[in-house]
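*Asks:* Residue numbers (our numbering), protein chains in the order written: chain G, 3 to 79; chain B, 1408 to 1751.
A virtual CB, placed ideally from N, CA and C, is assigned to each residue, including glycine.
Structure below.
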């Protein structure tokens, strides 16, 4: 599973990354967390509001910091 | 040693002078308003005007006021700018948004009115309203042909999960703005509106929404207040360090040259959020005239050297040069015009 955090590096993006890491750890699954910081690449995902969460190349949420609990739901389904 | 202590004292004095109780109350209300905008303002309702099928004049209009209604932080300006340009309404509205977004945010406007004065505040607001669509339109005319748009209308269809109706949100924002405007000057009116606000909060809002609002406000304050205090401190130091003669020589008149110096300085200098306000304020007490002050405030928040480099990655060198040139030139012209009008 590949999880991508889209954002140019503001505080909210870092928070989302930390929450994603926590979610992965608590679920005990194999997942790679990558950061996408280039504006051009972010736009290609159809994302305007950062931070955004992408799981297996699908945009799951944008414009808000999901809690670890919320991220877990996206990882399990 | 003596000199250094004097300079530091001057910075300290600026802080003490600025932070009166009434100002702190005012700023607290302004932060809550900004927090509410980022939390409750329906972004979906606004975003659809940036889509590829939106009416062009509406795109420009919404882009111009976007800063006030979207509470865009500097890190979200660029992704939105790039999306509007490549997937939506095109380069014109995108550039309008890029310029207006940071320039017209509620906090910056409140601080300008509150710290520098009503005349400069009004000049700043009107200046942004005029410059944003004009700069966007010029960029459109110059470069529309060389743009490739890969329209994606669905991207601009954002659904908001809001339990409130539009008029309820509107009422809430109007009440907050009324409290901000009447402030400590008219305590009775403020008290009446505060009661209205509390009734609205009880009737229309869920508890978790209110907690999120407070959290958004607190996050905003945590990010901005320390930088702003440093800015006020620096502004005090500037007053002690820069000789007034120098300020008078360069920006102590309302010629085009003086306005251009101010707008070039504003464009290249990096101002952390809102710090342009205290710094311009101390420039003015050193002898900067109102025209150049307006020019600096117009060119300042939307541009800085680091931010030009990032924009050039998205926009390319040539278009970035044109954009920066337009901002500098037009800010100087508006500054000059404002300088004459306010002077009379």
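Might you give, ordered along the chain, the residues of its own chain that have their beta carbon closer than 7 Å to the beta carbon of residue 1554 (chain B), omitting 5 neighbours on each side?
*Replies:* The sequence position of residue 1554 (chain B) within the second chain is 147, counting from 1. Here the set comprises 1497, 1498.
*Asks:* When DSSP builds the beta bridges, which residues end up paired with residue 63 (chain G)?
*Replies:* Residue numbering aside, residue 63 (chain G) sits at position 61 when the first chain is read from its first letter. According to DSSP, residue 63 (chain G) bridges with G:55.
*Asks:* Which residues in chain G have a C-beta closer than 8 Å to the C-beta of residue 1721 (chain B)? List them in chain order.
*Replies:* For the purposes of this step, residue 1721 (chain B) is taken as residue 314 along the second chain, with counting starting at 1. Correct list: 41, 42.
*Asks:* Thinking just about the alpha-carbon of each residue, which of B:1518, B:1665, B:1620 is nearest to the one in residue 1431 (chain B)?
*Replies:* Position 24 of the second chain, counting from 1, holds the residue named residue 1431 (chain B). Nearest Cα to residue 1431 (chain B) within the set B:1518, B:1665, B:1620: B:1518.
*Asks:* Can you pull the chain B residues whose beta carbon is under 8 Å from the beta carbon of residue 45 (chain G), in chain order?
*Replies:* Position 43 of the first chain holds residue 45 (chain G). By Cβ distance, chain B contributes 1486, 1489, 1490, 1493, 1494.
*Asks:* With distance defined between alpha-carbon atoms, name the residue in B:1704, B:1614, B:1651, B:1548 nearest to residue 1730 (chain B).
*Replies:* Along the second chain, read from residue 1 onward, the residue named residue 1730 (chain B) stands at position 323. Nearest C-alpha to residue 1730 (chain B): B:1548.
*Asks:* Can you list, in chain order, the residues of its chain whose CB lies under 6 Å from that of residue 26 (chain G), leaving out five sequence neighbours each side?
*Replies:* To locate residue 26 (chain G), count along the first chain from 1; it is residue 24. Hits under 6 Å: 33.
*Asks:* Could you work out which residues of chain G lie near residue 1483 (chain B), taking near to mean beta carbons separated by less than 7 Å?
*Replies:* Residue mapping note: residue 1483 (chain B) aligns to position 76 of the second chain, counting from 1. For residue 1483 (chain B), the chain G residues whose C-beta falls within less than 7 Å of its own C-beta are 51, 52, listed in chain order.
*Asks:* Near residue 1749 (chain B), what residues of its chain come up, given a Cβ to Cβ distance below 6 Å and the 5 sequence neighbours on each side ignored?
*Replies:* Looking up residue 1749 (chain B) in the second chain gives position 342. So the qualifying residues of the chain are 1526, 1697.
*Asks:* Looking at residue 1746 (chain B): is its Cβ nearer than 8 Å to the Cβ of residue 1689 (chain B)?
*Replies:* As a first step, residue 1746 (chain B) is located in the second chain; it is residue number 339 there, counting from the start. As a first step, residue 1689 (chain B) is located in the second chain; it is residue number 282 there, counting from the start. No, the pair does not count as a contact, with Cβ atoms beyond the cut-off.
*Asks:* Alpha carbons only, please: which of B:1560, B:1438, B:1468, B:1680 is nearest the one belonging to residue 1710 (chain B)?
*Replies:* On the second chain, residue 1710 (chain B) is found 303 positions in, with the first residue counted as 1. The shortest C-alpha separation from residue 1710 (chain B) is found at B:1680.
*Asks:* Using a Cβ cut-off of 8 Å (strictly closer), state whether residue 1559 (chain B) contacts chain C.
*Replies:* The displayed structure is made up of protein chains G and B, and chain C is not among them.
*Asks:* If you reduce the DSSP assignment to three classes, tell me which class residue 35 (chain G) lands in.
*Replies:* Start at 1 with the first residue of the first chain, and residue 35 (chain G) comes out as number 33. Residue 35 (chain G): strand per DSSP, three-state reduction.
*Asks:* Against chain G, with Cβ distances strictly below 8 Å, would residue 1562 (chain B) count as a contact?
*Replies:* Stepping through the second chain from its first residue, residue 1562 (chain B) is reached at position 155. Answer yes: the Cβ-Cβ gap between residue 1562 (chain B) and chain G drops below 8 Å somewhere.
*Asks:* Quick one: what does DSSP say residue 1696 (chain B) is sitting in, helix, strand or coil?
*Replies:* Mapped onto the second chain, residue 1696 (chain B) falls at position 289. Per DSSP, reduced to three states, the secondary structure at residue 1696 (chain B) is coil, with no helix or strand assignment.
*Asks:* Is the CB-CB distance between residue 48 (chain G) and residue 61 (chain G) below 8 Å?
*Replies:* Here residue 48 (chain G) refers to the residue found at position 46 when the first chain is read from its first residue. Here residue 61 (chain G) refers to the residue found at position 59 when the first chain is read from its first residue. Between residue 48 (chain G) and residue 61 (chain G), the C-beta gap is smaller than 8 Å, which places the two residues in contact.
*Asks:* So, for residue 31 (chain G): in the same chain, excluding its five sequence neighbours on each side, which residues have a beta-carbon less than 8 Å away from its beta-carbon?
*Replies:* Within the first chain, residue 31 (chain G) is the residue found at index 29, counting from 1. Excluding residues within five positions, the ones whose Cβ falls inside 8 Å are 3, 77.
*Asks:* Does the Cβ-Cβ distance between residue 1523 (chain B) and residue 1475 (chain B) come in under 8 Å?
*Replies:* As a working note, residue 1523 (chain B) is residue 116 in the second chain. As a working note, residue 1475 (chain B) is residue 68 in the second chain. Contact flag unset, no.
*Asks:* Any chance the segment 1528-1544 of chain B sits against the segment 1410-1428 of chain B, with 3 or more Cβ pairs inside 8 Å?
*Replies:* no
*Asks:* Which word fits residue 1652 (chain B), buried or exposed, when buried means at least 16 other C-beta atoms lie within 10 angstroms of its C-beta?
*Replies:* Numbered from its first residue, the second chain carries residue 1652 (chain B) at position 245. By the 10 Å Cβ count, residue 1652 (chain B) comes out exposed.
*Asks:* Please state the DSSP three-state secondary structure of residue 7 (chain G).
*Replies:* For this step, residue 7 (chain G) is matched to residue 5 along the first chain. Of the three classes helix, strand and coil, the one that applies to residue 7 (chain G) here is strand, per DSSP.
*Asks:* Can you tell me where the alpha helix (DSSP H) with residue 14 (chain G) in it begins and where it stops?
*Replies:* As a working note, residue 14 (chain G) is residue 12 in the first chain. Taken as a continuous stretch (DSSP letters only), the alpha helix (DSSP H) holding residue 14 (chain G) covers 13-29.
*Asks:* Taking the CB atoms as reference points, tell me whether residue 1662 (chain B) and residue 1703 (chain B) lie closer together than 8 Å.
*Replies:* Sequence index remark: in the second chain, residue 1662 (chain B) carries index 255 (1-based). Sequence index remark: in the second chain, residue 1703 (chain B) carries index 296 (1-based). Not in contact: residue 1662 (chain B) and residue 1703 (chain B) (Cβ atoms no closer than 8 Å).
*Asks:* Any idea if residue 1606 (chain B) is buried or exposed, counting beta-carbon neighbours within 10 angstroms, 16 or more meaning buried?
*Replies:* What you label residue 1606 (chain B) is simply residue 199 of the second chain in a count that begins at 1. Classification for residue 1606 (chain B): exposed.
*Asks:* Buried or exposed: residue 1538 (chain B), going by 16 or more other Cβ atoms within 10 Å of its Cβ?
*Replies:* By 1-based counting over the second chain, the position of residue 1538 (chain B) is 131. The residue in question, residue 1538 (chain B), is buried, as its Cβ has 16 or more Cβ neighbours within 10 Å.
*Asks:* Beta-carbon within less than 8 Å of residue 74 (chain G)'s beta-carbon, same chain only, minus the 5 sequence neighbours each way: which residues are those?
*Replies:* The residue given as residue 74 (chain G) occupies position 72 in the first chain. Excluding positions up to five away in sequence, the list reads 25, 28, 29.
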